[in-house]
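Engineer: Handing you this structure, nothing more for now.
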Amino acid sequence: MHLSQEEEFLKKEQEKAQNNKIKNRPIIVITYTMVTIYMCLIGYIIYFMQFKAEATIANSRNIRQDSFAETVERGDIITSDGQVIATSMTDEEGNTTRYYPYNNMFAHVVGYDSYGKAGLELQGNFYMLRSHINIFERLYKEIREEKNRGDNLITTVDFDLQKAAYDALGDCDGAVIVIEPDSGRILAMVSKPDYNPNEIDALWEYLQTEEGSSSTVLLNRATQGLYAPGSTFKVVTTLAYMREHYNYEKYAFVCEGSNIYTGVEISCSNDNVHGELDLADSLAYSCNVSFANIGTDITQGGYKETAEDLLFNQDLPYSGTYNISSFVIDSNSAKDEIPQTAIGQGNTLVTPLHNALIFSSIANGGVLMKPYLIQSIETDDGANVKKFSSKNYGNLMTSDEAAVLTEYLKGVCDYGTASYYFWDTSYDVAGKTGTAEYDNQGNCNSWFVGFSNPDNPDIVVSVIVEDYTSNGVSGVWVAKQIFDAYYQQ
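With my numbering applied, the sequence shown corresponds to residues 894 to 1382, in that order.
What follows is the structure in structure tokens.
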């Protein structure tokens, strides 16, 4: 059947339209794809500006923050009880100088603002270089080309506790950190040797010399110092044993002062012979021989799992600068590594901050609250800009495990190795002493980590005193001065 000319024309047009549609399909797909991508980008920019911009700019690694200093005079750093511990002074030419009224006392927690930044000067940099003062005052100063006052950083640090910790550590090297276990608020942080941040220029010049190049004065030992944990690690060993032995309460051991395990001789401190012990007494009297025995009765894989549950080999939930603690035992480790590891020697390393977090979890029923130093941001005239609240990190152990460990740690302070210091105090303490050898000549560092008012814990104190063998200042003595100051407030 022949088509008319009109029908044939229409058919060709339809075929042509169909061919064009097929040819144009990739172009249409690309067009819609580009429009979709463009709309997504616009949407993300709006979302970023609304929800993410401040956090990104506030990141301590963002160098863009420093440009704010051209128009803003850096705000103050203030303790929770109202003491200004860092402030700014701007001269007529617009040059701003940072001043630290208490010199060395807050050195590592506050940090410095020259030659890079450290401490709270780094963590709170963004907030102190923003100004939320009255808009009319801001405009007035901008017209006069004067700097606006930046917002103030209100810390969690308690002035009296910081001073007590600083004074108690005295001339000794070491570190102290004090934390509220139910909130994570850091109430004090001290590291020695220290420095005067008002003299950072001279210090920096010294650090460039051959003599000063090996100095660790800028190291914050509270968060970055890695030490053998000594007998404070027996808490970890105890927990690992409890998890593998449902009848741990029936543990019994007779200490004769020394013994050999997997070819390693282990002796108790000062050649003490502790006699018959259960698990609680083993911890209270810090019996090395008993804990070497306990360590050999824990699977190496289980030991590692418990240590990592307690954040060894893990990032800590802390926004400041810190080092990761290490526990090297695993299922492939040599058996002769276990006895020393079980008593806190060997290759295990821990920071005072990390030790404080372990004991904070015990004090808080197994739950760890994230430690933090910045409480709020306020304008120069005291108006609130931003508040920071406590955050739950999660459980490091069960509440039942925490309750058992608390009872054992109370024994340390009631009748064990720390009882001499706490037998007549108005408050109760649960904690653990520790001495850790750092060389082959028997020289030791001294630890104490513990918490007060164990039934409703108030504060956790973690102390390391370096070279206890020479200076005779023990970690538990330093901790007692801090507990005393807390309850005398």
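The C-beta atom is built at its ideal place from N, Cα and C for all residues, glycine as well.
Among Asp1307, Trp1370, Met1290, Asp1351, which residue has its Cα nearest to the Cα of Leu1132?
Structural biologist: Counted from its first residue, the sequence shown places residue 1132 at position 239. Of the candidates Asp1307, Trp1370, Met1290, Asp1351, the one whose C-alpha sits nearest the C-alpha of Leu1132 is Met1290.
Engineer: For Asn1113, which option in Tyr1178, Thr1214, Phe1252 has the closest C-alpha, if you only look at C-alpha atoms?
Structural biologist: Along the sequence shown, one-based indexing puts residue 1113 at 220. That would be Thr1214, whose Cα lies nearest to the Cα of Asn1113.
Engineer: Whose C-beta lies closer than 7 Å to the C-beta of Lys1056 among residues of the same chain, with five residues either side of it excluded?
Structural biologist: The sequence position of residue 1056 within the sequence shown is 163, counting from 1. The answer, listed in chain order, is Met998.
Engineer: Count the other C-beta atoms from every protein chain shown that fall within 10 angstroms of the C-beta of Met1262, then say buried if there are 16 or more, exposed otherwise.
Structural biologist: Indexing the sequence shown from 1 puts residue 1262 at position 369. Flag for Met1262 reads buried.
Engineer: Taking the alpha-carbon positions, what's the Asp1094 to Tyr1211 distance?
Structural biologist: The count along the sequence shown starts at 1 and reaches residue 1094 at position 201. The count along the sequence shown starts at 1 and reaches residue 1211 at position 318. Their backbone Cα atoms lie some 29 Å apart in a straight line.
Engineer: Per DSSP, what kind of secondary structure is Gly1259 in: helix, strand or coil?
Structural biologist: Stepping through the sequence shown from its first residue, residue 1259 is reached at position 366. Correct three-state label for Gly1259: coil.
Engineer: Specify, as a first and last residue, the run of the alpha helix (DSSP H) that Met1135 falls within.
Structural biologist: For this step, residue 1135 is matched to residue 242 along the sequence shown. Where Met1135 is concerned, the enclosing alpha helix (DSSP H) stretches over 1127–1137.
Engineer: For Ala1323 and Ser1282, I'd like the C-alpha separation in whole angstroms.
Structural biologist: Here residue 1323 refers to the residue found at position 430 when the sequence shown is read from its first residue. Here residue 1282 refers to the residue found at position 389 when the sequence shown is read from its first residue. Distance between the alpha carbons of Ala1323 and Ser1282 is about 27 Å.
Engineer: If we count the other Cβ atoms within 10 Å of its Cβ and call it buried at 16 or more, is Thr1130 buried or exposed?
Structural biologist: Numbered from 1 along the sequence shown, position 237 holds the residue referred to as residue 1130. Thr1130 should be labelled buried.
Engineer: From Gly968 to Ala1061, what does the alpha carbon distance come to, in whole angstroms?
Structural biologist: Numbered from its first residue, the sequence shown carries residue 968 at position 75. Numbered from its first residue, the sequence shown carries residue 1061 at position 168. So the two alpha carbons sit approximately 30 Å from each other.
Engineer: Tell me where the beta strand (DSSP E) around Tyr1330 begins and ends.
Structural biologist: Numbered from 1 along the sequence shown, position 437 holds the residue referred to as residue 1330. The amino acid at residue 1330 is misidentified as Tyr; the sequence shows Glu. First-last of the beta strand (DSSP E) with Glu1330: 1322–1330.
Engineer: Which ranges would you report for the alpha helix (DSSP H) in the segment 956–1033 if only whole runs of at least 4 residues count?
Structural biologist: 1000–1003, 1012–1016, 1018–1021
Engineer: Please state whether the Cβ-Cβ distance between Ser1253 and Val1369 is less than 9 Å.
Structural biologist: For the purposes of this step, residue 1253 is taken as the residue at position 360 of the sequence shown. For the purposes of this step, residue 1369 is taken as the residue at position 476 of the sequence shown. No. Outside cutoff.
Engineer: Could you tell me how far apart the beta carbons of Gly1168 and Ala1235 are, in whole angstroms, since I believe they sit closer than 8 Å?
Structural biologist: Position 275 of the sequence shown, counted from the start, is the residue given in the question as residue 1168. Position 342 of the sequence shown, counted from the start, is the residue given in the question as residue 1235. Not quite, the Cβ-Cβ distance comes to about 20 Å (not below 8 Å), so this is no contact.
Engineer: Let me check you understand the geometry: is the CB of His1001 closer than 8 Å to at least one non-hydrogen atom of the ligand ZN?
Structural biologist: Looking at this structure, you won't find the ligand ZN or any other ligand, since it has none at all.
Engineer: Can you give me the Cβ contacts of Phe1205 inside the same chain, cut-off strictly under 6 Å, excluding the 5 residues immediately before and after it?
Structural biologist: Counting from one through the sequence shown, the residue named residue 1205 turns up at place 312. Contacts found: Ser1218, Phe1220.
Engineer: What does a CB cutoff of less than 6 Å around Ala1058 pick up in its chain, not counting 5 residues either side in sequence?
Structural biologist: For the purposes of this step, residue 1058 is taken as residue 165 along the sequence shown, with counting starting at 1. Closer than 6 Å at Cβ, skipping near neighbours: Val1069, Ala1081, Val1083, Ile1375.
Engineer: So for Ala1311, helix, strand or coil by DSSP?
Structural biologist: Walking along the sequence shown from the start, residue 1311 turns up at place 418. Ala1311 falls in the coil class under three-state DSSP.
Engineer: Using a Cβ-Cβ cutoff of less than 8 Å, which residues in the same chain neighbour His1138 once the five nearest sequence positions on both sides are dropped?
Structural biologist: Position 245 of the sequence shown, counted from the first residue, corresponds to residue 1138. Around His1138: Tyr1144, Asp1190.
Engineer: Kindly list the residues whose CB is nearer than 7 Å to the CB of Glu1092, restricted to its own chain and excluding five residues on each side of it in sequence; keep chain order.
Structural biologist: Against the sequence shown, residue 1092 aligns to sequence position 199. So the list is empty, once near-sequence residues are dropped.
Engineer: What separation, rounded to the nearest whole angstrom, lies between the Cα atoms of Gly1287 and Leu1250?
Structural biologist: For the purposes of this step, residue 1287 is taken as residue 394 along the sequence shown, with counting starting at 1. For the purposes of this step, residue 1250 is taken as residue 357 along the sequence shown, with counting starting at 1. As the crow flies, the alpha-carbon of Gly1287 is around 12 Å from that of Leu1250.
Engineer: Quick check on the DSSP output: the beta strand (DSSP E) that includes Thr1048 runs from which residue to which?
Structural biologist: Locating residue 1048 in the sequence shown gives position 155, where the first residue counts as 1. Per DSSP, Thr1048 belongs to the beta strand (DSSP E) from 1045–1048.
Engineer: So, using beta-carbon positions, are Asp1087 and Ala1378 closer together than 9 Å?
Structural biologist: Here residue 1087 refers to the residue found at position 194 when the sequence shown is read from its first residue. Here residue 1378 refers to the residue found at position 485 when the sequence shown is read from its first residue. For Asp1087 and Ala1378, no; Cβs fall outside 9 Å.
Engineer: Using a Cβ-Cβ cutoff of less than 7 Å, which residues in the same chain neighbour Asp974 once the five nearest sequence positions on both sides are dropped?
Structural biologist: Here residue 974 corresponds to residue number 81 of the sequence shown, with the count starting at 1. Asp1051, Phe1052.
Engineer: At the level of alpha carbons, what is the spacing between Gly1258 and Leu1203?
Structural biologist: Counting from one through the sequence shown, the residue named residue 1258 turns up at place 365. Counting from one through the sequence shown, the residue named residue 1203 turns up at place 310. In a straight line, the C-alpha of Gly1258 is about 14 Å away from that of Leu1203.
Engineer: Taking Cβ positions, are Val1003 and Ile970 nearer each other than 9 Å?
Structural biologist: For the purposes of this step, residue 1003 is taken as the residue at position 110 of the sequence shown. For the purposes of this step, residue 970 is taken as the residue at position 77 of the sequence shown. Taking 9 Å as the Cβ cut-off, Val1003 and Ile970 qualify as a contacting pair.
Engineer: Roughly how many angstroms lie between the CA atoms of Lys1280 and Thr980, to the nearest whole one?
Structural biologist: If you number the sequence shown from 1, residue 1280 lands on position 387. If you number the sequence shown from 1, residue 980 lands on position 87. Their Cα atoms are separated by approximately 21 Å.
Engineer: So, are the CB atoms of Val1391 and Gly1343 less than 9 Å apart?
Structural biologist: Nothing can be reported for residue 1391: it is not among the residues displayed for the chain, which extend from 894 to 1382.
Engineer: If contact is defined by three or more beta carbon pairs under 8 Å, each pair taking one atom from either stretch, is the segment 1266–1273 in contact with the segment 1146–1157?
Structural biologist: no
Engineer: Alpha carbon to alpha carbon, how far is Gly1194 from Arg1136?
Structural biologist: Here residue 1194 corresponds to residue number 301 of the sequence shown, with the count starting at 1. Here residue 1136 corresponds to residue number 243 of the sequence shown, with the count starting at 1. Straight-line Cα distance between these residues: approximately 12 Å.
Engineer: Quick one: grab the DSSP three-state call for Phe1205.
Structural biologist: Taking the sequence shown and counting its residues from 1, the one referred to as residue 1205 is at position 312. DSSP places Phe1205 in coil when its eight states are reduced to three.
Engineer: Is Cys1065 helix, strand or coil by DSSP?
Structural biologist: For this step, residue 1065 is matched to residue 172 along the sequence shown. It is coil, neither helix nor strand.
Engineer: Under the three-state reduction of DSSP, which class applies to Cys1148: helix, strand or coil?
Structural biologist: The residue labelled residue 1148 in the question sits at position 255 within the sequence shown. Strand, per DSSP.
Engineer: Enumerate, from N- to C-terminal direction, the unbroken beta strand (DSSP E) stretches of 3 or more residues contained entirely within the segment 1235–1286.
Structural biologist: 1260–1262, 1267–1271, 1277–1280
Engineer: Looking at the secondary structure, which residues open and close the alpha helix (DSSP H) in which Leu1096 lies?
Structural biologist: Within the sequence shown, residue 1096 is the residue found at index 203, counting from 1. Leu1096 -> alpha helix (DSSP H) spans 1093–1100.
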